[in-house]
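Here my numbering = 1-based position in the sequence shown + 1082. From the three backbone atoms N, C-alpha and C, an ideal C-beta is built for every residue, glycine too. Scroll down for the structure; my scribbles are underneath it.
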Amino acid sequence: MSPRSKKQFEALRASSTSRILNAALELFGTVGYQATTIAQIAEKARVSKGLIYNYFDSKEALLKAMIEELSKEGEKIMQTVDTDDPTKMLESIIRGAFNWLRNHEKQNRLIMGLVTQVDQFDFVHDMANRKMKEYMELISELLRKIKFPNHRTEARILTTLFDGIGVQYLVLKQDYPLDEVEEMLIKRYCLPKKGNS
1083 MSPRSKKQFE ALRASSTSRI LNAALELFGT VGYQATTIAQ IAEKARVSKG LIYNYFDSKE
1143 ALLKAMIEEL SKEGEKIMQT VDTDDPTKML ESIIRGAFNW LRNHEKQNRL IMGLVTQVDQ
1203 FDFVHDMANR KMKEYMELIS ELLRKIKFPN HRTEARILTT LFDGIGVQYL VLKQDYPLDE
1263 VEEMLIKRYC LPKKGNS
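Dropping the structure here:
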């Protein structure tokens, strides 16, 4: 058997890292961060504890890597909604948020779990604070361009609605009228208003 090439090692590392992150995501999202052990993650990922520690210094470092991945996913979504039309951009953001809810239950469970423990992790608090300010500024600016009254307050209301909808959808799942609520937000924020010409 010939030794592995650098490319094969990189592929193996990427595969192992992906399995570790997926296992941790599932456990953190269902069992909770505090209750999950590295041994449980290793068992679920079908790797050794030593391999996990080879890639991540600690359970917190693993969590940090997961949060950074989630942040990159959010940035990818935002890149797909780039347009000069503020109404279309806001609609794309709203639809993107609802599509995320539909397709990322494990990630949403992790996020909701961390929300209740945010004071335990400075890096989570700092990243969440930074991202929230960025999104608030973007949505506020879009609402201003659409000529929405009280655009800053309305941006705060809309982002708060996203949070509440996310929690209710996680709890109620298919019993929550997600499609109906999505269309209601589009109608409220993205369709022309009388006097907004």
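{"Item": "contact_flag[the stretch 1101-1117, the stretch 1133-1146] where n(CB pairs < 8 Å) is 3 or more", "Value": "yes"}
{"Item": "Residue interval of the alpha helix (DSSP H) (run including Asp1204)", "Value": "Asp1204 to Lys1227"}
{"Item": "Proximity to Glu1236 [Cα-Cα], best of Glu1223, Leu1254 and Asn1185", "Value": "Glu1223"}
{"Item": "Collapsed DSSP secondary structure at His1233 in the structure displayed", "Value": "helix"}
{"Item": "Range of the contiguous alpha helix (DSSP H) that encloses Phe1091", "Value": "Lys1088 to Thr1112"}
{"Item": "Best match in Ala1124, Met1148 and Leu1273 for proximity to Leu1044 [C-alpha to C-alpha]", "Value": "No answer is possible for residue 1044: the residues shown for the chain start at 1083 and end at 1279."}
{"Item": "N- and C-terminal bounds of the alpha helix (DSSP H) containing Lys1141", "Value": "Lys1141 to Gln1161"}
{"Item": "Status (buried if at least 16 other CB within 10 Å, exposed otherwise) for Asn1190", "Value": "buried"}
{"Item": "N- and C-terminal bounds of the alpha helix (DSSP H) containing Asp1261", "Value": "Leu1260 to Cys1272"}
{"Item": "Three or more C-beta pairs below 8 Å linking the stretch 1211-1228 and the stretch 1238-1257", "Value": "yes"}
{"Item": "Assigned exposure category for Glu1219 - 16 Cβ within 10 Å defines buried", "Value": "exposed"}
{"Item": "The stretch 1089-1100 / the stretch 1174-1181 touching (three or more Cβ pairs under 8 Å)", "Value": "no"}
{"Item": "Gly1308 classed as buried or exposed, judged by whether at least 16 other C-beta atoms fall within 10 angstroms", "Value": "Coverage of the chain is limited to positions 1083 through 1279, which leaves residue 1308 absent and any answer about it impossible."}
{"Item": "Sequence-distant residues of the same chain with beta carbon closer than 8 Å to Met1194, five excluded per side", "Value": "Gly1248, Val1249 and Leu1252"}
{"Item": "Cut-off 7 Å between Cβ atoms - residues of its own chain near Ile1268, not counting five sequence neighbours on either side", "Value": "Glu1173 and Ile1176"}
{"Item": "Short CB-CB distance (under 8 Å) between Leu1133 and chain D", "Value": "The structure shown has no chain D; it contains just one protein chain."}
{"Item": "Residues near Ile1159 in its chain [Cβ-Cβ closer than 6 Å; skip 5 each side]", "Value": "Gly1178"}
{"Item": "Residue burial classification, Met1266 (beta-carbon count within 10 angstroms, cutoff 16)", "Value": "exposed"}
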